[in-house]
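Everything on this sheet refers to the single structure shown next.
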Amino acid sequence: MAVTDLFARRATLSRSVRLLSEFRYEQPDPARFYGALAADTAAMVGDLWLAARGESPAGRTLLDVGGGPGYFAEAFTDAGVHYLGVEPDPGEMHAAGPSLARATGTSVRASGMALPFADDSVDICLSSNVAEHVPRPWQLGAEMLRVTKPGGLAVLSYTVWLGPFGGHEMGLTHYLGGERAATRYARKHGHRAKNDYGSSLFAVSAAAGLSWAENTGALLAAFPRYHPRWAWWLTSVPVLREFAVSNLLLVLQPQE
Numbered sequence: 001m002a003v004t005d006l007f008a009r010r011a012t013l014s015r016s017v018r019l020l021s022e023f024r025y026e027q028p029d030p031a032r033f034y035g036a037l038a039a040d041t042a043a044m045v046g047d048l049w050l051a052a053r054g055e056s057p058a059g060r061t062l063l064d065v066g067g068g069p070g071y072f073a074e075a076f077t078d079a080g081v082h083y084l085g086v087e088p089d090p091g092e093m094h095a096a097g098p099s100l101a102r103a104t105g106t107s108v109r110a111s112g113m114a115l116p117f118a119d120d121s122v123d124i125c126l127s128s129n130v131a132e133h134v135p136r137p138w139q140l141g142a143e144m145l146r147v148t149k150p151g152g153l154a155v156l157s158y159t160v161w162l163g164p165f166g167g168h169e170m171g172l173t174h175y176l177g178g179e180r181a182a183t184r185y186a187r188k189h190g191h192r193a194k195n196d197y198g199s200s201l202f203a204v205s206a207a208a209g210l211s212w213a214e215n216t217g218a219l220l221a222a223f224p225r226y227h228p229r230w231a232w233w234l235t236s237v238p239v240l241r242e243f244a245v246s247n248l249l250l251v252l253q254p255q256e
């Protein structure tokens, strides 16, 4: 069975539309948006693990690089997974309030580019929409592979710069160029964007991610995270994928 076979059944157009409709609540109601995203991510990782290993991930240990305030912790704990989170920003760790931060899992303040964990120490390593926020995304990817046990899974997804959401809160102005878009945002709003180009947001291409993953020798699958299964072919088309994939998901399995 291919690692994507089970999740492919879940990757329907209705799922894509539902997730897109939830996106409008990211700012006014983050608990609703991130709660829905976390539940979908836990289901996706569960499908990938089951297809790869023939068993549920319940009882396994998952390290979430860039885990944020705890929505993902709650979703994975509900699925019976032992959750560990890494988050460099203390503000993000407590953004949902102390009750959620304390409710589930264990979180460590650290950089994803230098994970404070031993080699081969976790079954699953997840990074959801973090790689575009660090200056050395493939160092982050290498760290994820380092801490993942042989036969485990490293699941890395990120927003592609030239896709429609590449500019984050800067909107489509990123097509004018990152620096110009950042300056325009600051002028309009009176402050720099949270996802500020050059400091907390970087231009990461689909081609770069695919090249890195293929060179590791551990790549099992690559597909657009939020697209329906019938649109996954976009990943294989150079240039087009930079604009149409939106969010690239890489599934890797370290070997002995």
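The numbering of the sequence shown is UniProt numbering, which starts it at 1 and goes up by one. All C-beta atoms, glycine included, are put in the ideal place defined by N, C-alpha and C. These figures come from a predicted structure and were not determined experimentally.
{"Query": "Would L220 and V245 be called neighbours here (beta carbons separated by less than 8 Å)?", "Result": "no"}
{"Query": "Does DSSP classify A118 as helix, strand or coil?", "Result": "coil"}
{"Query": "Are the segment 50-70 and the segment 118-129 touching by the rule of at least three beta carbon pairs closer than 8 Å?", "Result": "yes"}
{"Query": "Ignore the nearest five residues each way along the sequence and tell me which others in P88's own chain have a CB closer than 6 Å to its CB.", "Result": "S111"}
{"Query": "Using the three-state DSSP reduction, which class does S211 fall into: helix, strand or coil?", "Result": "helix"}
{"Query": "Just how far apart, CA to CA, sit L248 and K188?", "Result": "30 Å"}
{"Query": "Which parts of the segment 148-190 are runs of the beta strand (DSSP E), unbroken and 3 residues or longer, counting only runs that do not cross its ends?", "Result": "148-159"}
{"Query": "Going by beta-carbon coordinates alone, are V204 and A131 separated by less than 8 Å?", "Result": "yes"}
{"Query": "Identify which residue in V81, E74 and T41 has its Cα closest to the Cα of S56.", "Result": "V81"}
{"Query": "So, with DSSP's three-state summary, where would you put S128?", "Result": "strand"}
{"Query": "Would you call the segment 140-156 and the segment 186-201 in contact, with 3 or more CB pairs under 8 Å?", "Result": "no"}
{"Query": "Should Q253 be labelled buried (16 or more other beta-carbon atoms within 10 Å of its own) or exposed?", "Result": "buried"}
{"Query": "For R102, count neighbouring Cβ atoms within 10 angstroms of its own Cβ and tell me buried if that reaches 16, exposed if not.", "Result": "Low per-residue confidence applies at R102: pLDDT is 47, beneath 50, and the placement is therefore not dependable enough to give any value."}
{"Query": "Does the segment 40-48 come within contact of the segment 3-10, defined as at least 3 CB pairs closer than 8 Å?", "Result": "yes"}
{"Query": "Grab the span of the alpha helix (DSSP H) containing A244 for me, first residue to last.", "Result": "L240 to A244"}
{"Query": "Tell me the residue span of the beta strand (DSSP E) that contains L219.", "Result": "L219 to P224"}
{"Query": "Within this structure, are the beta carbons of L84 and T106 separated by less than 8 Å?", "Result": "yes"}
{"Query": "Measure the Cβ-Cβ separation of L13 and A36 and say whether it is below 8 Å.", "Result": "no"}
{"Query": "Does DSSP put residue 264 in a helix, in a strand, or in coil?", "Result": "It is not possible to answer for residue 264, since the shown part of the chain is limited to 1 through 256."}
{"Query": "Compare the C-alpha of G163 against each of Q27, T216 and Y226 and name the closest.", "Result": "Y226"}
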